[in-house]
Amino acid sequence: MQRLNVTIDSNSGFCFGVVYAIQMAEDILDEQGYLYCLGDIVHNDEEVQRLQHRGLRIIDHQQLGELRNEAVLIRAHGEPPETYQTALNNNLTLIDASCPVVLKLQNRIKSSYDKDDRIFIYGKHGHAEVLGLLGQTNNNAVVFENIDELLKHELPSKFTLYSQTTKSTDNFYSIKDQLETKGYEVDANDTICRQVSNRDKELRKFAAQFNKIVFVSGTKSSNGKVLYQVCKNTNPDSYFISKAEELQQDWFKAGDTVGICGATSTPMWLMEQVRDSLLKLEV
47 MQRLNVTIDS NSGFCFGVVY AIQMAEDILD EQGYLYCLGD IVHNDEEVQR LQHRGLRIID
107 HQQLGELRNE AVLIRAHGEP PETYQTALNN NLTLIDASCP VVLKLQNRIK SSYDKDDRIF
167 IYGKHGHAEV LGLLGQTNNN AVVFENIDEL LKHELPSKFT LYSQTTKSTD NFYSIKDQLE
227 TKGYEVDAND TICRQVSNRD KELRKFAAQF NKIVFVSGTK SSNGKVLYQV CKNTNPDSYF
287 ISKAEELQQD WFKAGDTVGI CGATSTPMWL MEQVRDSLLK LEV
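Structure (C-alpha cells):
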C-alpha cells in the first residue's frame with residue numbers, strides 16, 4: 047500500500063471577478079449577518095452552500111420584484127437594465143459586484159446598439175451574463191452557441207459580433223473566419239476574458255504532467271465544462287467531480303501522480319478537500 051502523489055494547480059480556482067463578488071458578500075455578512083443575492087453568487091453548489099450557512103439568501107428575479115427596502119448583491123455575471131429599474135422602484139440598494147470585464151462588454155454592446163448595429167452574440171442561451179448583455183439591446187441581439195446555429199438565421203451582409211467573456215478564443219476566431227469566407231462583413235469584437243481564456247494553455251501544460259487528473263467543478267459551470275474538456279483532450283485519464291465524496295478508489299493505482307484543477311468558479315478550499323481525501327486513499 048502506498049499514498050498517491052497529489053498536486054493542486056496553482057492557476058486554478060476563482061477568477062478575480064468571482065473573488066471580488068465573494069469578498070464583498072463576506073464583508074457584508076460579517077457586518078449584518080444576512081445578505082440577499084440575485085441568483086447563485088457563483089456556479090458552484092458547495093461554495094453557495096458555504097455562504098448560505100453564513101447568511102446569504104439567494105433570490106430570483108420574481109422574488110426581487112417582491113422585495114422592498116433591502117440590500118441586494120449583483121453577482122459577477124452582471125444584470126440587464128431592468129434589474130436596476132426594479133431596484134429603483136422597490137427602494138432596493140444594489141451592491142454591484144459585476145465583473146469589470148463584463149461591465150465593459152455591456153457598455154460596448156450598448157454603444158453598438160445605440161448606433162443601430164445588427165448585433166450577434168456568441169454565448170450560451172439563458173446564461174446569466176448573456177441575459178445581461180441582451181438587456182443592453184432591449185433583447186434585440188441574436189444569441190448563438192455555434193456556427194451552425196448562426197447560419198440558420200437570415201444574416202445581413204454586414205453585422206457586429208460579440209462574445210460572452212468566458213467563451214473559447216479559438217472558436218470565436220474560427221466563427222469569424224468562416225463567416226468572412228462566406229462573404230459576410232463582420233465587425234468582430236474579441237471580448238473574451240484573457241484570465242479565463244489563458245487557462246486553456248495553462249491547463250494543457252498542467253494536465254500533461256500527471257498520470258491522472260481530477261477536475262473539480264460545479265455542474266452548472268459553463269466554464270467548467272469547457273476546461274474539463276481541455277483536460278480530457280490532453281489527458282484521457284481525467285475525471286470530473288463536484289466534491290470529494292465523488293472520488294472513486296478504483297480510478298487510481300499505486301505510483302500514480304494526480305493533478306487537481308478546477309474552473310474559474312471552483313474555490314481553492316474545495317480543491318484542498320479533494321487533495322486531502324486523495325492523500326487518505328491507500329492504493
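In terms of the numbering used here, the sequence shown has 260 at position 214, counting the first letter as 1, and numbering is strictly consecutive. Each residue gets a CB set at the ideal place from its N, CA and C atoms; glycine is no exception.
- Between residue 104 and residue 98 the beta-carbon gap is near 7 Å, inside 8 Å, which marks them as a contact.
- In the structure shown, residue 111 falls within a helical segment according to DSSP collapsed to helix, strand and coil.
- At a Cβ-Cβ threshold of 8 Å, residue 88 and residue 263 do not count as neighbours.
- Per DSSP, reduced to three states, the secondary structure at residue 268 is helical.
- Beta bridge pairing from DSSP links residue 139 with 117.
- In this structure, residue 281 and residue 306 do not form a Cβ contact; the two beta carbons are roughly 13 Å apart against a cut-off of 8 Å.
- For residue 209, the secondary structure class from DSSP, reduced to helix, strand or coil, is strand.
- Looking at the DSSP output, residue 231 sits in a beta bridge with 204.
- Spanning the alpha carbons of residue 185 and residue 170 requires a straight line of approximately 15 Å.
- Closest by C-alpha distance to residue 316, out of 178, 53, 288, is 288.
- A distance below 8 Å separates the beta carbons of residue 81 and residue 101.
- In the three-state reduction of the DSSP assignment, residue 237 falls in the coil class.
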